[in-house]
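Notes follow once the structure below has been shown.
Numbering (the working numbering), first residue to last: 1187 to 1302.
What follows is the structure, encoded as C-alpha cells:
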C-alpha cells in the first residue's frame, strides 16, 4: 500500500479523513517554520542549507537561490547543480517539481563590460 505522501505526489485525491493525513499537516507546518528561517538567511550558504532541509536534499554549492522563496510543501522538489533561482519565486510542488542541472529561473540578465 502506498503512503499518503506517495498518493499525494501521484495526484490521487486526498481527504482530511484519510489515514496518515497528519503527516501532510506536519510537513506543511515544518515547511512554514523552515521557510521563515530561509527567508531571513543572510548568506547564500544559509539559504541552501534551509532549502535543503525543506526539500530533504543537499543543495549543491554551485546552485544559487535568491530570497524570498516560497513553497507550500517542499518535499517534492528536486534541484540540480548550477541552478539559479531568482527572488520572489513560489513553488507549488505537491505534484512534484524537478529542476535539472543548469536551469535558470527568473528574468535573464546579460552583463556587458566595456574595455577602454
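All residues carry an ideal CB built from backbone N, CA and C; glycine is no exception.
Helix, strand or coil at residue 1285 according to DSSP, with G and I counted as helix: strand
Measure the alpha-carbon distance for residue 1272 versus residue 1257 and round it to whole angstroms. 14 Å
Per DSSP, what kind of secondary structure is residue 1188 in: helix, strand or coil? coil
Apart from the five residues on each side of it in sequence, which residues of its chain come closer than 6 Å, Cβ to Cβ, to residue 1241? 1260 and 1263
Mark residue 1279 as exposed unless 16 or more other C-beta atoms lie within 10 angstroms of its C-beta, in which case mark it buried. buried
Distance check for residue 1290 and residue 1246, CA to CA, integer angstroms please. 15 Å
Kindly indicate if chain C contains any beta-carbon less than 7 Å away from that of residue 1278. Although the question refers to chain C, the structure presented lacks it and comprises just one protein chain.
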